[in-house]
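Chains as they are written, first to last, in UniProt numbering: chain S, 1 to 413; chain R, 1 to 413. Below is one structure, written out as structure tokens, with a few remarks after it.
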DNA sequence: TAACATAGTTCAGCACCTGAATTATAATAG
DNA sequence: CTATTATAATTCAGGTGCTGAACTATGTTA
């Protein structure tokens, strides 16, 4: 076949960039007002670069739809010219519930459309994997509790967001595996929706935490950042271009199982040298027994063990100190690797373990900076957040809120 | 101050997702046709989900502007119904040159608007850092050479893309540091444009390679993938949502300087335990001297040393084999870490070093898969590419092509 | 030769945004 | 107290970009 008869192969990406996230001007206006708390039409014009005519027309639509309202009870700013009228979200139009399921304590938050927390609830549960319907019953108790506190009913709720540890398929709403569930490949979303009749948005816990930072925390003003959490394991979430990055295969971003040492310490995943095997609670606990001169038969909870270890370290026990110090060095390595691979604007470290300040000392931070190439630029910023247990559930509300917002605005025109 | 008088803090991301990459329908059509090589209007309709009316009108615009044309010399596909008319890019409308600057050999590629390579050129140069005007003179020689081969002149060129190693600020067109340049903080782009009168698009070499895979290689059909290259150093590029990810601070994605061992081997960056310190040519070379029983005074080039080492390993020298085997294991660790942190759909390994098949053996691949959590899903695909030296320069043409395309289409309406 | 199948065109119309002119509402200067 | 000025918001004609339905074009098949 001659050359000019052959089909040319072409060049360039075969797939166009995902344009699903291109939002209508109405939605951009709404989200800007919600993000600012309150904004005048002129604020909107400047922030979004639209014309004055559009601002009037589109805010009128949103006000007519009942999603926004003018604020007139507020004393207006003084100055020359016609005073600006502030616009705000009508909070009560849509309510969502965010839930964090974990090993020992579940928690739930009821949030209005403006992002205000209306009620919270938590529930102690026996640890270990359970059948799906047991988990759903626990969820039912939580939902009932938060609704009760706020004096609302299920019918008032627009959607529910749930975050849980394990392998979670956000898109499909299924849970291939979770330490909380006795069964594998669980169709969580369908089961939930048939039981509660409410839309459910499901994701893994690290993504929930990341969403919490993006919606309510230090990540709000950053377009690219990473969130690292140290709990039972070491998790990570990533925001790229102001959106949560979920990976191509829907696997979590498993910072805890990156290797920091060939043939290193044994991890609970069965491999060796995982970061988690130097940082997670079980990793510290197994060395703690040695440092505290416990006998193998003296069993106690990892939590109690770590607290004892921390007390010892603080009072000068060198063996105890080296345990924390080594963990801190490995944390620095893990963070440095994230910086080298992603070049984020900010890393947020979040988690219960915040109390063990050895892990969050300036020493760790400067070690991290030492381990990264900087070439004269400002080093990557690092923040640590000691938020309460409810962050996770709040992140889950953000997941539900964004979905409900999409629908509410699409329903206007 | 009362609570209802306080400005609410609001919630949600403060910055909207970057919408600069939202392309006009005209551009999407053009890029689809170029990506497919040839496409009928009906292909476009199906691929982009637009109406038939739009396809007619917009292709007519593009044809009128001289960017596309109908193909009539081709025998049409047989079948029922009116035969479809294929559309293709008019190749000669805009030409670009892509250039890769490196230590010993520069290379250049002249490409037409359809992505066809019209001419190539390369230039041996003395190694080591040089003043900017020396580099620009070398560039001038290259440009002259490719134009000469194709019988074109500078006036025919729409833009130039250049890739070089070092710290390159793509946005500003500056080079804070490069092993090729004697001076720091070099305003490369301005100097180039005043000398040649042509628009220049500059980026680091790893990004060029990644663009080459996105435009011409295995990455064309993937929306999220990583490219890893092993040369003097270990570089990485990342494509997220079909676009090159450049990081928040414009630093490269330095896979080579992620730490795989606390207090490990000494890296040329001055730190210890960098992946590069186990994989790069200098890392192999310094152990090669030992394995080959060379005396310290027997100096030879790293390249010759490695070739000798490879021959020895092939012929059964165990010391030589362990050098490659260890490098292979560390490569597996590095790749596994990328998989755990990014969850890409594909990793492409590319580089000259392809010849040392120890590094690309199935053994390395299976070691990598062993080092990643998979949870029953398909493991991350890995491909190795032994492309010639011109890949880099072709990637640079892609950089220039995409910019020229943006402008050409924006100029229509 | 009629019936069909597929490709492509034409055009009225809608959604969405801009830009200019206009109105609204305040502080300030004379 | 009125004119001036500054800022905010509205109104509306008009352009752009797309859709959807009716229509035309051009081949194969029965």
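For each residue, glycine too, the CB sits at the ideal point set by N, CA and C.
If we ignore side chains and look at the alpha-carbon of each, how far apart do residue i and residue j end up?
i, j, result
"residue 56 of chain S", "residue 41 of chain S", "7 Å"
"residue 168 of chain S", "residue 129 of chain S", "15 Å"
"residue 4 of chain S", "residue 49 of chain R", "In this prediction, residue 4 of chain S scores a pLDDT of 47, lower than 50, which makes its location untrustworthy; the coordinate-derived value is nonetheless stated afterwards. Residue 4 of chain S and residue 49 of chain R: Cα-Cα distance of roughly 30 Å."
"residue 292 of chain R", "residue 232 of chain R", "21 Å"
"residue 261 of chain R", "residue 372 of chain S", "14 Å"
"residue 311 of chain S", "residue 197 of chain S", "49 Å"
"residue 86 of chain S", "residue 80 of chain S", "16 Å"
"residue 307 of chain R", "residue 146 of chain R", "32 Å"
"residue 166 of chain R", "residue 375 of chain S", "10 Å"
"residue 388 of chain R", "residue 107 of chain R", "11 Å"
"residue 239 of chain S", "residue 220 of chain S", "10 Å"
"residue 263 of chain S", "residue 135 of chain S", "38 Å"
"residue 122 of chain S", "residue 14 of chain S", "48 Å"
"residue 178 of chain S", "residue 205 of chain S", "11 Å"
"residue 66 of chain S", "residue 412 of chain S", "10 Å"
"residue 400 of chain S", "residue 125 of chain R", "59 Å"
"residue 7 of chain S", "residue 252 of chain R", "37 Å"
"residue 160 of chain R", "residue 267 of chain S", "50 Å"
"residue 287 of chain R", "residue 368 of chain R", "24 Å"
Which term fits residue i, buried or exposed, when burial requires 16 or more other beta carbons within 10 angstroms of its beta carbon?
i, result
"residue 94 of chain S", "buried"
"residue 318 of chain S", "exposed"
"residue 137 of chain R", "exposed"
"residue 70 of chain S", "exposed"
"residue 190 of chain R", "exposed"
"residue 104 of chain S", "exposed"
"residue 1 of chain R", "Unreliable positioning characterises residue 1 of chain R in this predicted model, as indicated by a pLDDT of 37, which lies under 50. A coordinate reading is not provided."
"residue 271 of chain R", "buried"
"residue 203 of chain R", "buried"
"residue 301 of chain S", "exposed"
"residue 46 of chain R", "exposed"
"residue 313 of chain R", "buried"
"residue 153 of chain R", "exposed"
Do residue i and residue j have their C-beta atoms within less than 7 Å of each other?
i, j, result
"residue 207 of chain S", "residue 237 of chain S", "yes"
"residue 16 of chain R", "residue 243 of chain S", "no"
"residue 320 of chain S", "residue 279 of chain S", "no"
"residue 36 of chain S", "residue 10 of chain R", "yes"
"residue 347 of chain R", "residue 226 of chain R", "yes"
"residue 404 of chain R", "residue 96 of chain R", "yes"
"residue 200 of chain S", "residue 192 of chain S", "yes"
"residue 365 of chain S", "residue 339 of chain S", "no"
"residue 443 of chain R", "residue 277 of chain R", "For chain R, the structure presents residues 1 to 413; residue 443 of chain R sits outside this window and is missing."
"residue 228 of chain S", "residue 275 of chain S", "no"
"residue 303 of chain R", "residue 350 of chain R", "no"
"residue 370 of chain S", "residue 343 of chain R", "no"
"residue 100 of chain R", "residue 173 of chain R", "no"
So what does residue i bridge to, in DSSP terms?
i, result
"residue 245 of chain S", "S/238"
"residue 431 of chain S", "A question about residue 431 of chain S goes unanswered here, because the residues of chain S that appear run from 1 up to 413."
"residue 383 of chain R", "R/348"
"residue 343 of chain S", "Partner(s): none; residue 343 of chain S has no beta bridge."
"residue 88 of chain S", "S/38, S/69"
"residue 121 of chain S", "S/108"
"residue 157 of chain S", "S/95"
"residue 186 of chain S", "S/175"
"residue 145 of chain S", "The partner list for residue 145 of chain S (beta bridge, DSSP) is empty, contrary to what the question assumes."
"residue 230 of chain S", "S/234"
"residue 100 of chain S", "S/107, S/163"
"residue 201 of chain R", "R/161"
"residue 401 of chain S", "DSSP lists no partner for residue 401 of chain S."
"residue 253 of chain R", "R/236"
"residue 326 of chain S", "Bridge partners of residue 326 of chain S: none, in fact."
Report yes if the C-beta of residue i is less than 6 Å from at least one heavy atom of the ligand ZN; otherwise report no.
i, result
"residue 200 of chain R", "As far as ligands go, the structure on display features none, and thus does not contain the ligand ZN."
With contact counted as at least three CB pairs below 8 Å, one residue from each stretch, are the region 390 to 406 of chain S and the region 176 to 188 of chain S in contact?
no
Check whether the region 91 to 105 of chain S and the region 113 to 123 of chain S are in contact - that is, three or more C-beta pairs closer than 8 Å.
yes
Segment contact, 8 Å Cβ cut-off, at least three pairs: the region 60 to 75 of chain S with the region 24 to 32 of chain S:
yes
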